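The structure under discussion appears below in the form of structure tokens.
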Ligand code: SF4
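In this note's numbering, the protein residues as written are 99 to 535.
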């Protein structure tokens with residue numbers, strides 16, 4: 099039996115795509131290996147969202163090249179950098195055997211046949227038209243033993259945010275028919291999965307035969323599913339119907355990741371985000387009214403071209419007034435073919451040291467807020483969905499609250515159980531406590 103080694107970069111979409119790649123390879127009698135030195139086939143599932151992610155890919159490729167030299171392993175690059183760079187990647191890394199985009203995962207058998215039998219290097223990066231696109235159905239056996247799993251509900255994005263490479267790497271939006279989604283969730287529940295996260299680049303513009311809110315309500319009805327989550331959303335698609343779903347169905351987990359990107363209307367306009375800060379805050383207030391205590395996380399880009407200190411101060415002020423539970427903040431990184439990448443100089447590139455200094459200030463402010471919110475949990479008894487043993491201390495158990503807060507605790511509840519945990523300590527990233535019998 100041949101062995102494959104898969105290195106996944108980036109977001110949950112890539113994690114899910116890598117699982118599908120593993121299933122395709124299993125059908126070709128490939129077995130996974132945790133060590134690249136044992137592999138006959140090495141696949142890197144790449145991410146193009148930031149320049150740094152691309153640099154990581156190139157440096158990893160350099161390491162895998164040595165394995166190729168020692169045991170003639172094949173090397174393939176999939177994911178968003180593959181889609182973006184196409185043949186250029188073969189020129190940049192002459193030891194790479196094949197390059198394939200996210201739409202070509204199902205073509206892996208044919209690609210490998212061509213590479214092995216015809217001894218040619220292959221590039222397969224065509225987008226599949228919306229009408230013809232078929233979502234790979236997850237093999238539930240891949241998820242046996244897991245408590246929580248991702249389910250793809252759509253791919254691509256029809257928005258044109260000026261900083262974002264996704265429309266170029268993942269193509270137009272295609273929604274997966276809701277019956278397929280529900281069947282996959284039922285399959286996952288039958289092998290022990292208790293929590294599903296519906297994923298897509300822009301899930302709340304879902305159009306798979308029913309609205310996204312209706313999809314969430316139906317997924318919550320699947321027997322043995324305890325919690326439903328989703329990511330990622332665009333504020334301008336956050337409908338009243340979706341907000342009402344949080345009122346109606348307790349199994350829709352009280353956590354909303356709602357990327358704001360900036361606290362300045364001027365910057366938001368250049369980002370082509372289609373909402374103002376006031377509109378964003380109005381949606382947030384409606385959400386918090388519908389489900390008091392809901393955790394809200396966000397994404398923020400610092401140092402967008404033309405961002406002044408005053409613009410940045412508005413982002414800081416928004417962080418403080420919105421009191422996000424957490425945020426994923428990054429410095430702006432110009433991406434190829436994007437409007438912000440092309441117009442960076444015209445709008446005013448921000449010096450790297452200014453970007454870094456702003457990011458540090460923002461993250462410091464967020465750490466303080468996260469710390470305060472987590473400290474408020476001390477003394478509470480929280481329901482935790484147990485995922486297994488703690489990564490840091492195998493003697494302890496690990497799970498998450500409905501708000502997606504990590505909890506390490508003393509106790510014996512098995513994976514998949516809902517444990518009641520008395521919270522004793524907190525940090526900005528995690529809670530610690532003891533299970534109540
Ligand atoms: Fe990119 Fe998200 Fe904007 Fe779509 S909505 S273009 S995925 S940032």
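Cβ atoms here follow ideal geometry from the backbone N, Cα and C, with glycine treated the same way. Small disclaimer: the values here were computed from a predicted structure and weren't measured.
Checklist entry - For residue 178, is the beta carbon positioned less than 7 Å from some heavy atom of the ligand SF4? => result no
Checklist entry - Does the count of Cβ pairs from the segment 349-357 and the segment 388-396 closer than 8 Å reach three? => result yes
Item to check | Below-8 Å beta-carbon distance, residue 277 vs any chain C residue | outcome: Looking for chain C here will not work: only one protein chain is present.
Checklist entry - Considering residue 522, what are the terminal residues of the beta strand (DSSP E) in which it resides? => result 516-524
Checklist entry - In three-state terms, what does DSSP make of residue 252? => result strand
Item to check | Selection from 276, 99, 400 that minimises the alpha carbon distance to residue 410 | outcome: 400
Item to check | Host beta strand (DSSP E) of residue 194 (start-end) | outcome: Where residue 194 is concerned, there is no enclosing beta strand (DSSP E), given that its DSSP letter is neither H nor E.
Item to check | Proximity to residue 248 [Cα-Cα], best of 266, 225, 262, 291 | outcome: 291
Item to check | Helix, strand or coil at residue 121 according to DSSP, with G and I counted as helix | outcome: helix
Checklist entry - Around the Cβ of residue 260, are there at least 16 other Cβ atoms within 10 angstroms (buried) or fewer (exposed)? => result buried
Next on the checklist: Mapping the DSSP letters down to three states, classify residue 238 as helix, strand or coil.
Outcome noted: helix
Item to check | Residues near the ligand SF4, criterion Cβ-heavy atom distance below 6 Å | outcome: 255, 257, 259, 262, 264, 265, 299, 300, 332
Checklist entry - Distance, Cα to Cα, residue 125 vs residue 408? => result 56 Å
Checklist entry - Exposed or buried, residue 406, counting other C-beta atoms within 10 Å across all chains shown (16 or more means buried)? => result exposed
Checklist entry - residue 104 bridges to which residues according to DSSP? => result 141
Next on the checklist: Am I right that residue 194 and residue 164 are in contact with their C-beta atoms under 8 Å? What's the rounded C-beta distance?
Outcome noted: Not quite, the Cβ-Cβ distance comes to about 14 Å (not below 8 Å), so this is no contact.
Next on the checklist: Check for me: the alpha helix (DSSP H) holding residue 162 runs from which residue to which?
Outcome noted: 149-169
Next on the checklist: By the three-class DSSP mapping on this structure, what secondary structure does residue 228 have?
Outcome noted: helix
Item to check | Coarse secondary structure for residue 493, derived from DSSP in three states | outcome: coil
Item to check | Span separating the alpha-carbon of residue 283 from that of residue 318 | outcome: 10 Å
Next on the checklist: Would you call the segment 318-332 in contact with the segment 291-308, where contact means no fewer than 3 C-beta pairs closer than 8 Å?
Outcome noted: yes
Checklist entry - Is the CB-CB distance between residue 199 and residue 107 below 8 Å? => result no
Next on the checklist: Just to check my reading of the structure: residue 370 and residue 221 have Cβ atoms closer than 8 Å, yes? What is that Cβ distance to the nearest angstrom?
Outcome noted: Not a contact, Cβ separation roughly 31 Å.
Next on the checklist: I'd like to confirm the pairing. Which residues does DSSP put opposite residue 130 in its beta bridges?
Outcome noted: 102
Item to check | Between the CA atoms of residue 280 and residue 361 - distance to the nearest angstrom | outcome: 37 Å
Next on the checklist: DSSP three-state label for residue 400, please.
Outcome noted: strand
Checklist entry - Beta-carbon separation of residue 337 and residue 311 under 8 Å? => result yes
Item to check | Environment of residue 218 [buried if 16+ CB atoms lie within 10 Å] | outcome: exposed
Next on the checklist: Taking 8 Å as the threshold (C-beta atoms), are residue 237 and residue 121 in contact?
Outcome noted: yes
Checklist entry - Alpha carbon to alpha carbon, what distance is there between residue 484 and residue 527? => result 17 Å
Item to check | Where residue 405 sits in the DSSP three-state scheme | outcome: coil
Next on the checklist: Can you tell me where the alpha helix (DSSP H) holding residue 182 begins and where it ends?
Outcome noted: 177-183
Checklist entry - If you compare alpha carbons, which of 533, 309, 384, 152 is closest to residue 479? => result 533
Checklist entry - Just the Cα atoms here: how many angstroms apart are residue 476 and residue 468? => result 13 Å
Checklist entry - Skipping 5 residues on each side, what residues in its chain have a beta carbon closer than 7 Å to that of residue 463? => result 414, 417, 418
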